[in-house]
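For reference, the structure discussed in these notes is given below.
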Amino acid sequence: MAYFINDDCILCGACEPECPNQAISEGKTKYVINPERCAECVGSFPASRCAEVCPVDACHPDPAHPEDKTQLLEKWRKMHLGEKPAEGTY
Ligand code: SF4
Ligand code: SF4
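Printed below as a string of structure tokens:
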């Protein structure tokens, strides 16, 4: 399930460099997550980095993009060809 950023975002920018999949970018009124690139940090981190670093708790799973761990890991593999997923992240 891709994450999304709600309207509580204060445009601090802390999340963008933390995303292992370059899924986050600055939008007009808040930062935004590309659901095609968000793999819930599966393959990279044991928990979602954007949610961990956000100071206002604006990053949440998006029910509009349901995916299980197998699908998320496959998504990660397509973006990280030749790499091995980190232990404990999938
Ligand atoms: S959950 Fe992980 S992969 Fe998804 S946007 Fe946040 S930091 Fe990026
Ligand atoms: S860390 Fe949170 S408040 Fe800062 S830009 Fe990202 S979503 Fe917005």
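In this text, residue positions in the sequence shown follow numbering that gives the first Met the number 0: the first is 0, and each later residue adds one.
The beta-carbon is built from N, C-alpha and C at its ideal position, and this holds for glycine as well.
- Segment contact: the segment 60-67 against the segment 16-28, fewer than three CB-CB distances shorter than 8 Å; contact not assigned.
- Annotation for LEU71: ALA38, GLU39, VAL41 place their beta carbon closer than 7 Å to its own, counting only its chain and skipping 5 residues before and after.
- With contacts defined by Cβ atoms closer than 7 Å, ASP7 and ALA57 form a contacting pair.
- DSSP places PRO16 in the helix class (H, G or I) of the three-state scheme.
- When secondary structure is reduced to three states using DSSP, GLU39 falls in the coil class, being assigned neither helix nor strand.
- In the DSSP assignment, the residues bridged to VAL31 are SER24.
- Linking PHE3 to HIS79 through their CA atoms gives a straight-line distance of about 22 Å.
- Closest in alpha carbon position to ASN33, among GLU86, MET0, LYS68, is MET0.
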